[in-house]
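S.K.:
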Amino acid sequence: MRVILMTGKGGVGKTSVAAATGLRCAELGYKTLVLSTDPAHSLADSFDMELGHMPKPVRSNLWGAELDALMELESNWGAVKRYITQVLQARGLEGVEAEELAILPGMDEIFSLVRMKRHYDEGVFDVLIIDSAPTGTALRLLSLPEVAGWYMRRFYKPLQAVSAALRPLVEPFFRPIAGFSLPDKQVMDAPYEFYQQIEALEKVLTDNTQTSVRLVTNPEKMVIKESLRAHAYLSLYNVATDLVIANRIIPDAVTDPFFQRWKENQQQYRREIHENFQPLPVKEVPLYSEEMCGLAALDRLKETLYAEEDPAQVYYKETTLRVVQEQNQYSLEVYLPGIPKNKIELSKSGDELNIRIGNHRRNLVLPQALAALQPAGAKMEEDYLKIRFATAL
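For the sequence shown, this note's numbering assigns the number 227 to the initial residue and increments by one for each residue that follows.
1. Write down the C-beta distance between LEU562 and LEU596 rounded to the nearest angstrom, noting that I regard them as a contact closer than 8 Å.
2. Assign ASN287 to buried or exposed, taking buried as 16 or more other Cβ atoms, counted over all protein chains shown, within 10 Å of its Cβ.
3. Mind checking GLN486: buried by the 16 CB within 10 Å criterion, or exposed?
4. Taking DSSP as the reference, what is the three-state secondary structure of GLY248?
5. Between the stretch 518–533 and the stretch 429–446, do three or more beta carbon pairs fall short of 8 Å?
6. With ALA456 and THR361 assumed to form a contact (beta carbons below 8 Å), what rounded beta-carbon distance in angstroms separates them?
7. If I'm right that GLN600 touches PHE615 with Cβ under 8 Å, what's the distance once you round it to whole angstroms?
8. For the ligand PLP, I want to know if SER272 counts as a neighbour, meaning its beta carbon is within less than 7 Å of at least one of the ligand's heavy atoms.
9. So VAL511 packs on LEU527, CB below 8 Å; how close in whole Å?
10. Leaving out five residues on either side along the sequence, give the residues of the same chain with a beta carbon under 6 Å from the beta carbon of ASN444.
11. Between which residues of its own chain and LEU249 is the CB-CB distance below 6 Å, once the five residues before and five after are set aside?
12. Counting along the chain, where does the beta strand (DSSP E) carrying GLU498 start and finish?
13. Return the CA-CA distance between LEU354 and VAL470, expressed in angstroms with no decimal places.
14. What is the rounded straight-line gap between the Cα of GLU428 and the Cα of MET227?
15. Take the Cβ of GLN493 as the centre, count every other Cβ of all protein chains shown within 10 Å, and call the residue buried at 16 or more, exposed below.
16. Closer than 8 Å by C-beta to ASN434: which residues in its own chain qualify, once you throw out the five before and the five after it? Chain order, please.
17. Determine which residues share a DSSP beta bridge with GLY290 and list them.
Spelled out as structure tokens, the structure:
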């Protein structure tokens, strides 16, 4: 299955681009699903039709869906939710309040990953296009496999084993005092089973032969800067970007003096987009005189974006992580475009290398060739952070 994730700063037009990409893929005969995982859904508005949690036909070979986090929660997390509700009610909260608080913050982001994994496993569609949340939320989503893996290895698995051993002994005394039972095996197993799905999906997300991110941006200073940061952070999580789409460029045909300053600024920012994202290909889309709402408008956008091209192709195969051996020495090279070396913090614990840039962190499990070695220096070279490893003294 080909997986394409559309992301960008809120309001740049990523939903319209996702919908138009879906139309072109379907036109070429691919069974295509456009799935919105943005909590503020607008995919239905873009197609100008009602959509729900389950895929709904939009056109021949094309389906659309908008993730309902509550439905995903009930089907994947129902046992845990009911247990948390029971605990909260025992502590004096009313039924509705307990139900609401049992849904932990960020669960909608997690369930979008699970939904993607399910569609991938089912193999019903040839192309899965994700209209994802704005960049900040999308990056948190892509970091979940790394973060979840760290907690599972360090804390959850030992806790799960202790809980299974002690529950039969402690339960008779615990319930009369606390007013609720200790979690049973179904409740304790659910988070780990959940993590296993996310861990399996990570292999799909980091395979640049089948999964790509497409960054939608506008020729504006703040939008470009966020897109550049997003590109670097995606590389940190080993997720490849294959295309940049510069949207809402004022056409040359617009000659009203009111827009002259806008057009001059856009000319400068268009050059910056091409230069700063090189060697990624860049597609430019004009500012239309109409809303991108409804299939007729999306068909025009589709023609502008792709013409006779196949959008399911991998436009650029970006290598975000590689291990290099030179003269019996190893180095780990991480693609971090536009990030100065002084903004990067490195530390190693056991077989894990921690890379931190601002509030984004990755705990990278090192391959065996590097796990027994220690970092012996790092430098930025051609947008790659090159970390040299040597035998500990």
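Virtual Cβ for every residue (Gly too), placed ideally from N, Cα, C. Quantities reported herein were computed from a predicted structural model and do not represent experimental measurements.
M.R.: So, from the data block:
1. Position 336 of the sequence shown, counting from 1, holds the residue named residue 562. Position 370 of the sequence shown, counting from 1, holds the residue named residue 596. Contact doesn't hold; Cβ gap of about 18 Å is too wide.
2. As a working mapping, residue 287 is identified with position 61 in the sequence shown. Of the residues assessed, ASN287 falls on the buried side of the cut-off, its CB having 16 or more other CB atoms within 10 angstroms.
3. Within the sequence shown, numbered from 1, the residue matching residue 486 stands at position 260. Exposed, since its Cβ has fewer than 16 Cβ neighbours within 10 Å.
4. Counting from 1 along the sequence shown, the entry for residue 248 is found at position 22. It is helical.
5. No, because fewer than three Cβ pairs between the stretch 518–533 and the stretch 429–446 fall closer than 8 Å, the two stretches do not touch.
6. As a first step, residue 456 must be located in the sequence shown, where it is residue number 230. As a first step, residue 361 must be located in the sequence shown, where it is residue number 135. Under the criterion of beta carbons closer than 8 Å, ALA456 and THR361 qualify as touching, at roughly 4 Å.
7. For the purposes of this step, residue 600 is taken as the residue at position 374 of the sequence shown. For the purposes of this step, residue 615 is taken as the residue at position 389 of the sequence shown. The Cβ separation is near 7 Å, so the contact holds.
8. With respect to the ligand PLP, the structure shown offers nothing to examine, as it has no ligands at all.
9. On the sequence shown, residue 511 is found 285 positions in, with the first residue counted as 1. On the sequence shown, residue 527 is found 301 positions in, with the first residue counted as 1. About 7 Å separates the Cβ atoms of VAL511 and LEU527, confirming a contact at the 8 Å cut-off.
10. The residue labelled residue 444 in the question sits at position 218 within the sequence shown. Annotation for ASN444: VAL238, ASN473 and ARG474 place their beta carbon closer than 6 Å to its own, counting only its chain and skipping 5 residues before and after.
11. Counting from one through the sequence shown, the residue named residue 249 turns up at place 23. Answer for LEU249: LEU524 and LYS528, listed in chain order.
12. Against the sequence shown, residue 498 aligns to sequence position 272. Segment 486–503 is the alpha helix (DSSP H) holding GLU498; no beta strand (DSSP E) there.
13. In the sequence shown, residue 354 corresponds to position 128, counting from 1. In the sequence shown, residue 470 corresponds to position 244, counting from 1. Between the C-alpha atoms of LEU354 and VAL470 there is a straight-line separation of about 18 Å.
14. Indexing the sequence shown from 1 puts residue 428 at position 202. Indexing the sequence shown from 1 puts residue 227 at position 1. MET227 has its alpha-carbon roughly 15 Å from the corresponding atom of GLU428.
15. For the purposes of this step, residue 493 is taken as the residue at position 267 of the sequence shown. Counting Cβ neighbours within 10 Å, GLN493 comes out exposed, since fewer than 16 surround it.
16. The sequence position of residue 434 within the sequence shown is 208, counting from 1. ALA466, ASP468, VAL540, LYS543, GLU544, THR545 and THR546, listed in sequence order.
17. Here residue 290 is taken as the residue at index 64 of the sequence shown, counted from 1. Per DSSP, VAL260 and LYS282.
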